[in-house]
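Quick note: the sequence shown uses the numbering used here, first residue 12, plus one each step.
The structure under discussion appears below in the form of structure tokens.
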Amino acid sequence: MRDGDRALPFDDRGLSYGDGLFETVLVRDGKPVLWEEHLARLEEGCRRLELTMPKPADLNGIFANIPLFQQPLAVLKLILTRGSGGRGYRPPWPSDCRLRYRLTPFSPDEERWHRGVRIRRCSLRLGIQPRLAGIKHLNRLENVLARSEWNDDAIAEGLLCDSDGRLVEATSMNLFWQRQGRLETPRLDRCGVAGTLRQALLDRLPIQEVNAGVAVLEEAEALWLGNSVQGIWPVIALNNIDGTGGLTWALNETHRHLQNHAHRLLGYPLIQSPQPGDATP
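Written as structure tokens, this is what we have:
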């Protein structure tokens, strides 16, 4: 099953149909960060899609076989497909899954940790499909279309709702906010990706999963985006769908509280309280 970075054949079902899963893992000094959370999500994805979970020896053996793991900080991308076979959409049974992986050097965007980011709402709405909710499957066209809505490098991310108008996530990050002193994050039982950093924070902090529309952010004292590669970005401005106006937040100690919890988990430096002039929404 373990094939490294070899090309996929033309008839691979992951290439043809998005029939598979992937994980994007931060690797620090040769060791995968939040590895147990990544394995748990991969296993849940395999259960949902009825794929064969890679053997532990195949997964753990990756770290001994790639010289690039001598880099102090890198990102490992794992792709697991159902393999080839079947007739049309009908999957083969049993499946002969394919595992591919690639490691690339990585440097986080530290300025966004310190100064915060401006984001915007996206017009695209995510489709509701509970069977796929939470897992990181290969069919990510919705995210691609949402990300194509802007080309302004000053906009760091786009905020996504589902077809019923409920907050879900950003195009590649999870969403958190504090409201009336409570930490909250969107419930992801209908769509969206349950990030591994999100899960680690849910396991350690009193974060409530809620169903809410965009209007709830008008009551938020602080807003963040985060994932297990980039860490946590404080949000200082949320623009409307047309890229104008919207909501703003001033950086404060509240932003650093959640951010530093996450950065301890990822091995990133702790961020000091903002000083005057740190950010201008």
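Virtual Cβ for every residue (Gly too), placed ideally from N, Cα, C.
Where the beta strand (DSSP E) through residue i begins and ends
i	result
D173	166-173
S134	128-137
T196	193-197
Q189	185-190
Q283	Q283 -> no beta strand (DSSP E), and no H or E assigned at all.
R113	109-116
R39	31-39
E229	No beta strand (DSSP E) holds E229; DSSP gives it neither H nor E.
Q219	218-221
W244	242-250
I90	84-92
L178	178-181
Presumed contact (8 Å Cβ cut-off) between residue i and residue j, rounded CB distance
i	j	result
G206	S239	6 Å
G29	R93	Not really, about 10 Å apart at Cβ, beyond 8 Å.
T182	A144	Not quite, the Cβ-Cβ distance comes to about 16 Å (not below 8 Å), so this is no contact.
S174	I146	With 8 Å as the limit, S174 and I146 do not qualify as a contact, their Cβ atoms being about 19 Å apart.
R201	P119	About 30 Å; that fails the 8 Å criterion.
G3	G176	Residue 3 falls outside the range modelled here, since the chain spans only 12 to 292, and no answer is possible.
G72	W161	The Cβ separation is near 41 Å, so there is no contact.
I247	L262	6 Å
Same chain only: Cβ atoms within 8 Å of residue i, ignoring 5 sequence neighbours per side
i	result
L19	G25, L26, T92, R109, R111
G256	N250
E47	none
R275	L281
E220	E195, T196, P197, R198, L199, L213
Spatially closest choice to residue i from the options, by CA coordinates
i	options	result
P65	F74, R190, A75, L53	L53
G96	W104, L89, I90	W104
L234	L194, R17, G242	L194
H49	L208, R151, I282, G203	L208
I131	L178, R98, L149	It should be pointed out that residue 131 corresponds to Arg in this sequence rather than to Ile. Cα-wise, what sits closest to R131 is L178.
D107	L62, D163, C57	L62
R101	L60, E121, H125	L60
Q82	V221, G41, F21	G41
C57	I73, F74, I90, N71	I90
D214	S284, H272, R126, I282	H272
T196	G203, V204, M184, I218	I218
F117	S159, G242, E153, I252	G242
E153	D163, A167, E180	E180
I252	R267, M184, C172	C172
H148	E55, S159, L216, S134	E55
L37	F21, R113, R136, G203	R113
A75	G15, R98, A51	G15
R267	R126, F21, A51	R126
Own chain, CB closer than 7 Å to residue i, minus 5 neighbours either side, in chain order
i	result
T35	V86, K88, V240
L228	W188, L234, L249, L258
T115	A85, V86
A231	W188, Q189, R190
G278	R39, V44
D23	T92, G94, S95, R109
T291	Note that T291 scores 46 on pLDDT, short of 50, meaning its location in the model is unreliable and no value can be drawn from it.
A167	R123, V128, R129, I130, W244
S134	E160, I252
R136	C172, D173, S174
E121	none
L216	L194, H272
Buried or exposed by the 16-neighbour rule on C-beta atoms within 10 Å, applied to residue i
i	result
Q210	buried
P67	exposed
A165	exposed
L186	buried
A226	exposed
V204	buried
R98	exposed
Range of the contiguous alpha helix (DSSP H) that encloses residue i
i	result
N154	152-158
W46	46-60
L26	24-28
T265	264-277
L213	207-215
Same chain only: Cβ atoms within 6 Å of residue i, ignoring 5 sequence neighbours per side
i	result
W244	R123, V128, L236
R17	none
A150	Per the sequence shown, the amino acid found at residue 150 is Asn instead of Ala. For N150, where only same-chain residues beyond five positions count, the Cβ hits under 6 Å are G29.
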